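*Asks:* Sequence order for the protein chains is L and E. Everything in the first sequence is counted per my numbering, starting at 42 for the first residue and increasing by one. Everything in the second sequence is counted per my numbering, starting at -8 for the first residue and increasing by one.
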Amino acid sequence: MKLELRDIKKSFEDKEILHGISFSVESGKALGLLGRNGAGKTTTIRIIMDVFHANAGEILLDGTKFVPDGSQVGYLPEERGLYPKKIVKEQMIYLAMLRGMNKKQAAESTMKWLEKLEVLEYADRKLETLSKGNQQKVQLAATLVGEPSIVILDEPFSGLDPVNSQILKNVIRELISEGRIVIFSSHQMSYVEEFCEDIVIINHGENILSGHLDDIKMEYGKGRKILAAENYSLDELKKVCETKLSDYVEVLGVNKYDVILSVKEGVDQWKLLDAIKSCDIGIKHFGAYEPSLNDIFVSCVGEEEVVKVVEEEEPENKSKKRGLFGKAGK
Amino acid sequence: MKQFKTILKFELDNYFKSKSYIISTIIICILAAGIMFAPRIKDAFKSGSSSSSSSNEENIEDLTKYAIYDATGIAEEESLKDMFADIHFVFCDSADQVKEMVKSEEAKKGFIVNSLTSFDYVVFNNSMMDQTGYDFKEYMALLNKMDYCRENNLNIDEFLAMEYQEIEMNEEILGKDSASNYWYCYALVIIIFMLIVMYGMTIASSVTNEKSNRSIEILVTSTSSTAILFGKVIAGAIATIFQVGLIGGSLIGSYQFNKAYWSSTFQAIFDIPSNVLVTFAIFGIGGFLVYAFMYGALGALVSKIEDLNKTAGTAQMIVTLVYVVSLINLMNVDGVIIKVLSFLPISSYSAMFARVAMGNVAVWEVIVSAVILYATVILVGIIGGKIFRNSTLRYGNPIKLSNALKGMKKEK
């Protein structure tokens, strides 16, 4: 099963909010849908759910037009919403029935998901009497109660303690292994890195980066090195690199342990290593730079003046990329 | 359709399991029955107290006191007692004493007789329905007649018999009796107005609450917004009919049981012809649905319950205007205004059954009006569903109806 969004555009009151969002996601994989607040993630999700109609573009499921019937998609919204004064079990059965199940199936599915999320003991309680974490788990159970083949999770870990987070992680892994399509939207990058093979970063209504996470990391690490010295602090080392190694590298920044360098055109790593030695730097670390998703995200959407580079990755998936720390990734 | 049934059942459960719905229904039913039982209960107490007083001398202190100063000396205690049976008249020595007694509330009312043809009526706070002055005027007129008969050697009884000669009148109504139909029409117009406003706001609040607690986010992604709105509105209509049926049943049942104690007071209201009841049901339900869909859609325009009055005001204004115009024109049901109102879907719910009850209306007119009304119900339902869909996920400041309609057009 493959869900594709092609050049989706959406306007509200003559203002275009989405300027052509495109990405695809396949069964058994999770896609990280990332972006700053107000970037257009929720609008994109609502268009997938057919709550909003796109002004242009199309959504395809296995090549044919996708029209969700309510049972296909399970959506966990960022703003949680269930009936606080209703019994947990009653409202879950109601939602399951709305998504096409009969009463018996709905009741069975309700019990199954409440048990899986370890909140079965609260089935007969009013939602408002539960703790925030348990309400969150009930909300996730309500998302999955219709046994959807496409699951969209918007900040699913919000409000969960480490134990509950682990329960939820197991459930998400199970969903992926069962061959469901999972779209995962979060600002907690560590979770996205943990579950998602592919990511899409949306900014100001356009997708500025999309593709396989490993490829993106490799691309963003290309031509970049990390360096740490035994005889210099990071700030001192940065200054040394900027003054004595400027013919070989450009200093991109400093993280917790290393100085991050961009190797200049025509400089190979052996030449660079010789230059480092000649500067009397006692090498502690020297190696390829592997950016975290957080670094990639910040570099993509954190600076408005970032140079945009368009790169063809796959013939059917035109992805746009931005360079790390203001430079092209290639 | 299946989803509509699921929503309808869920919403009906919400009503029928709601403590406020159950308690208010029970209390109003008991109150309605209590009112109908009131004369029976009063009568029971009265007969009990009258039997005890009959054995005793009438206690003058228990009677209402009126003060009177008669400068002419024509008012007699005996004739006053005949005219005002439950009143004890205190004869005063001056006009000032009458005023003083009324002011100090020793006497409830006072009279200063200036001459055979003039008197002053003294009262502390005058009520709208006070007839005492006119009753005393009648009394003075009687004194005048007695005086005239005395002067002209006439027999007062014969004189009065002649004056109040009973003339028999047989009324044969070939069409409709507006005089007796007026009151139940009046009552039904008020009832339907109250139901629309009360339950319309309940439906609007239910939508706004779901928007406020964000459960709407889950609902609109699980089913169609039209199914949600239709489910809510139809459930509201069923709950209303059920509650009104129980209250009406309690009222009519207890009236029938106590009919003898009510003389003919309520007969005109409760004696409603079946064709009028059927018309009321058809047009009342249709009108209710038109407004309920309106209220439901308007409820989706706001995110907070405290903002609801800002948008629901539009529907409130229309329904109130229709109510006032209908009531004013109830005296002239064959006039142009009520004829026009009887075909407009926003007003036919009250105007058409008033015409059926009191005016001249052809069957085709009733059918055409009903078709217009129910076509409007479907149209308003569909438009309401689209406004609902367009507005439910837009949070923040209240959305203007005009913007919601524009958004709806663009969604097409």
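C-beta: ideal position from N, C-alpha, C; glycine also. Since the structure is predicted, the reported quantities are computational estimates derived from the model, not experimental observations.
1) Candidates L:G200, L:A182, L:P203: which alpha carbon is nearest I193 (chain L)'s?
2) Against chain L, does I209 (chain E) count as a neighbour if the rule is that its beta carbon must be under 8 Å from one of theirs?
3) For a test of the three-state rule: what should DSSP assign to E57 (chain L), helix, strand or coil?
4) Hey, out of E:N5, E:M27, E:L299, whose CA is closest to K448 (chain E)'s CA?
5) Using a Cβ-Cβ cut-off of 8 Å, state whether V114 (chain L) counts as contacting chain E.
6) List, in chain order, every chain L residue whose beta-carbon is nearer than 8 Å to that of S382 (chain E).
7) Once DSSP output is grouped into helix, strand and coil, what is the label at E235 (chain L)?
8) Between F1 (chain E) and chain L, is any beta-carbon pair separated by less than 8 Å?
9) Taking only beta-carbon positions, decide if G98 (chain L) is within less than 8 Å of chain E.
10) Residues of the segment 205 to 230 of chain L with a CB closer than 9 Å to any CB of chain E: list them in chain order, please.
11) Does DSSP put R47 (chain L) in a helix, in a strand, or in coil?
12) So E120 (chain L) contacts chain E; which residues on that side make the cut at Cβ distance below 7 Å?
13) Checking 8 Å against the spacing of the C-beta atoms, do I363 (chain E) and L123 (chain L) come in under that value?
14) Distance, Cα to Cα, K72 (chain E) vs I65 (chain E)?
15) Kindly give me the distance between the Cβ atoms of D325 (chain E) and G350 (chain E), rounded to whole angstroms, as I take these residues to be in contact under 8 Å.
16) Where do the N-terminal and C-terminal ends of the beta strand (DSSP E) with K56 (chain E) fall, by residue?
17) May I have a chain-ordered list of the beta strand (DSSP E) segments no shorter than 3 residues that lie completely inside the segment 199 to 260 of chain E?
18) Put R166 (chain L) into one of helix, strand or coil per three-state DSSP.
19) Name, going along the chain, the residues of the segment 111 to 122 of chain E whose beta-carbon falls closer than 9 Å to a beta-carbon of chain L.
20) Nearest to A71 (chain L) by CA position, among L:F225, L:C282, L:K312, is which residue?
21) Under 8 Å Cβ-Cβ, which residues of chain L neighbour S446 (chain E)?
22) What does G220 (chain L) pair with, by DSSP beta-bridge criteria?
23) Using the three-state DSSP reduction, which class does V324 (chain E) fall into: helix, strand or coil?
24) For the segment 188 to 217 of chain L, list the alpha helix (DSSP H) runs that are entirely contained and at least 4 residues long, ordered along the chain.
25) Using Cβ-Cβ distances below 8 Å, what residues of the segment 306 to 334 of chain L are close to chain E?
26) Sort L:E54, L:R87, L:F64, L:K56 by Cα distance to E45 (chain L) and report the nearest one.
27) With E283 (chain L) as the anchor, note down where its alpha helix (DSSP H) starts and where it stops.
28) State yes or no: is the beta carbon of A95 (chain L) nearer than 8 Å to at least one beta carbon in chain E?
29) Taking buried to mean at least 16 other C-beta atoms within 10 Å of its own C-beta, is N388 (chain E) buried or exposed?
30) Does any residue of chain L bring its CB to less than 8 Å from the CB of Y6 (chain E)?
31) Which residues in chain L sit within 7 Å of Q(-6) (chain E), going by Cβ to Cβ distance?
32) Looking at G99 (chain E): is its Cβ nearer than 8 Å to the Cβ of K56 (chain E)?
33) Would you identify the three-state DSSP class for S333 (chain L), choosing helix, strand or coil?
34) Here's a check: name, in chain order, each residue in its chain whose Cβ is nearer than 8 Å to the Cβ of K144 (chain L), leaving out the five neighbours to either side.
35) Mapping the DSSP letters down to three states, classify K318 (chain L) as helix, strand or coil.
36) Should L370 (chain E) go down as buried or exposed, given a rule of 16 or more other Cβ atoms within 10 Å for buried?
*Replies:* Considering the structure as presented:
1) L:A182
2) yes
3) strand
4) Residue 448 (chain E) is absent from the model: chain E starts at -8 and stops at 403.
5) yes
6) Per Cβ cutoff of 8 Å: no residues; S382 (chain E) is ~12 Å from chain L at best.
7) helix
8) yes
9) no
10) none
11) strand
12) R205, E208
13) no
14) 14 Å
15) 5 Å
16) 55 to 61
17) none
18) coil
19) none
20) L:F225
21) This structure cannot settle anything about residue 446 (chain E), because the visible part of chain E is limited to -8 through 403.
22) Its beta-bridge partners do not exist; DSSP assigns none.
23) coil
24) none
25) none
26) L:F64
27) 275 to 285
28) no
29) exposed
30) no
31) L139
32) A quick correction: the sequence has Lys, not Gly, at residue 99 (chain E). Going by C-beta atoms, K99 (chain E) is nearer than 8 Å to K56 (chain E).
33) coil
34) I134, M138
35) helix
36) exposed
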